[in-house]
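Residue numbers (the numbering used here), protein chains in the order written: chain A, 1 to 52; chain B, 1001 to 1366.
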């Protein structure tokens, strides 16, 4: 499970991996972000965004 | 000084040392990082159980891959090593799998970043031949296997090698023709070449040794399955992958250099009580931003996590409870971290371990 995080402009900027509390940036080269995108493709939805 | 040049023996220097093959380049000769297994930021020598299909990193840059509910092995840094080395990577079978399913696999792997092999021209005509060499020791003898593959493991070169004597260090070398096909040999910050050592392999992923194939192969047909023997051990170190058709002496690099090479993919900062890893400012009674500069530029913007850290300000120390919206580049991070109470808007503060097990880490592994 993941939780979206947004910046003060209201734009998504990272996700929180709920399992271990890790912060994952939106970088296509980050393998954890790649895993998050795959998780979304499987039809999953992250928890509502937390405002900055 | 006398130096002799002989068509058979090569160069012989006056101290009797010889060079009997062509030099294959200087500076980053070995494209494997941490081939001598000396850097272990994550686990400091502790054993790690490999019981899932996820990449589990053990010593830096090396990961283990296994199965979720079948054979199990551990990986850990070991001080058992051949002459000239101080460390190795040890695999120990803790739950045997004597009937490996067709699509099951047990592996040790390193993914080489594209930038570090781009000059070898993989995936196109003229790709360079390269040579893999390593020291290995196992309680099980026989023909073992592994593979070099592109990043998607769709174009693969299975290889085999023989361990002749039990519990004895042996050095192996395998020369591999450059792959002239294969579409996912990345040349930038993605996976440039994957290197696998098999501890057990299902039939689906076994291919003929000694040739590139457009198929997913992680080992060679007929190879021994270490995972089938309970308590079997397998040590490996001195892993080198170099351009050319000859295995040359291991490319020893300064410890600090090797550590910095590893830190491009993973950094663990802290582990000293109260030693600040970053400074920041409060933005409310329960939140603060901290600036952390990495030891070196990372491969990509990293994932960050923490353990046993606290916020230190002018009044007291407060345990970090969770992370909030944070900003991570490949060079530095601005982390918003939460405490139960104790900070204040605008108040300066430090981020520091609250035990010797406290750390913040950044991972940009492949």
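We treat Cβ as the ideally placed atom computed from N, Cα and C, and that holds for glycine.
Hey, residue i and residue j: beta-carbon distance below 8 Å or not?
i	j	result
residue 1129/B	residue 1175/B	yes
residue 1173/B	residue 1132/B	yes
residue 1231/B	residue 1093/B	yes
residue 1115/B	residue 1055/B	no
residue 1065/B	residue 1105/B	yes
residue 1224/B	residue 1090/B	no
residue 14/A	residue 5/A	yes
residue 1036/B	residue 1087/B	yes
residue 1276/B	residue 1351/B	yes
residue 46/A	residue 9/A	no
residue 1220/B	residue 1206/B	yes
residue 1163/B	residue 1141/B	yes
residue 1103/B	residue 1204/B	yes
residue 1353/B	residue 1362/B	no
Residues of chain A with CB under 7 Å from residue i, in chain order?
i	result
residue 1304/B	22, 23
Out of the options, which one is the CA nearest neighbour of residue i?
i	options	result
residue 1229/B	1139/B, 1217/B, 1263/B, 1284/B	1139/B
residue 1148/B	1092/B, 1141/B, 1160/B	1160/B
residue 1111/B	1262/B, 1206/B, 1333/B	1262/B
residue 1084/B	1246/B, 1250/B, 1187/B	1250/B
residue 1302/B	12/A, 34/A, 2/A	34/A
residue 1327/B	1346/B, 1121/B, 1290/B	1290/B
residue 1061/B	1313/B, 1195/B, 1003/B	1195/B
residue 1366/B	1049/B, 1265/B, 1217/B, 1256/B	1265/B
residue 1222/B	1241/B, 1235/B, 1201/B	1201/B
residue 1388/B	1137/B, 1293/B, 1166/B, 1113/B	Residue 1388/B falls outside the range modelled here, since chain B spans only 1001 to 1366, and no answer is possible.
residue 1287/B	1345/B, 1330/B, 1141/B	1345/B
residue 1333/B	1358/B, 1356/B, 1300/B	1300/B
residue 1235/B	1217/B, 1204/B, 1137/B, 1272/B	1137/B
residue 1135/B	1144/B, 1169/B, 1119/B	1169/B
residue 1311/B	1296/B, 1330/B, 1281/B	1281/B
residue 1120/B	1067/B, 1043/B, 1028/B, 1078/B	1028/B
residue 1213/B	1122/B, 1247/B, 1157/B, 1127/B	1157/B
residue 1253/B	1030/B, 1005/B, 1358/B, 1227/B	1030/B
How many Å lie between residue i and residue j at the Cα?
i	j	result
residue 1071/B	residue 1097/B	5 Å
residue 1244/B	residue 1016/B	25 Å
residue 958/B	residue 1153/B	No information on residue 958/B is available, as it lies outside the stretch 1001 to 1366 that chain B covers here.
residue 1183/B	residue 1210/B	20 Å
residue 1099/B	residue 1151/B	28 Å
residue 1338/B	residue 25/A	18 Å
residue 1274/B	residue 1320/B	13 Å
residue 1325/B	residue 22/A	11 Å
residue 1003/B	residue 1012/B	6 Å
residue 1050/B	residue 1069/B	11 Å
residue 1124/B	residue 1155/B	13 Å
residue 1081/B	residue 1239/B	12 Å
residue 1269/B	residue 1095/B	34 Å
residue 1356/B	residue 1307/B	10 Å
residue 1180/B	residue 1187/B	14 Å
residue 1143/B	residue 1335/B	50 Å
residue 1283/B	residue 1146/B	53 Å
residue 1295/B	residue 1330/B	11 Å
residue 1317/B	residue 1079/B	39 Å
residue 1171/B	residue 1247/B	10 Å
residue 1047/B	residue 1008/B	47 Å
residue 1348/B	residue 1260/B	30 Å
residue 28/A	residue 1272/B	33 Å
Taking Cβ-Cβ distances shorter than 7 Å, what residues in chain B pair up with residue i?
i	result
residue 16/A	1323
residue 11/A	Going along chain B, no residue has its Cβ under 7 Å from residue 11/A, so there is no contact; the nearest lies around 10 Å.
Within 10 Å of its beta-carbon, does residue i have 16 or more other beta-carbons around it, so buried, or fewer, so exposed?
i	result
residue 1258/B	buried
residue 1315/B	exposed
residue 1193/B	buried
residue 16/A	buried
residue 1267/B	buried
residue 1014/B	exposed
residue 1323/B	buried
residue 31/A	buried
residue 20/A	exposed
residue 1242/B	buried
residue 1399/B	Because residue 1399/B is not part of the residues shown, which for chain B are 1001 to 1366, the question remains open.
residue 1341/B	exposed
residue 1113/B	buried
residue 973/B	The displayed coordinates of chain B run from 1001 to 1366. Any statement about residue 973/B would go beyond what the structure contains.
residue 1006/B	exposed
residue 40/A	exposed
residue 43/A	exposed
residue 36/A	buried
residue 11/A	exposed
residue 1191/B	buried
residue 1117/B	buried
What residues of chain B sit near residue i, judged by a beta carbon separation below 8 Å?
i	result
residue 5/A	1324, 1325, 1326
residue 30/A	1300, 1301, 1302, 1303, 1364
Whose Cβ in chain A lies nearer than 8 Å to the Cβ of residue i?
i	result
residue 1189/B	29
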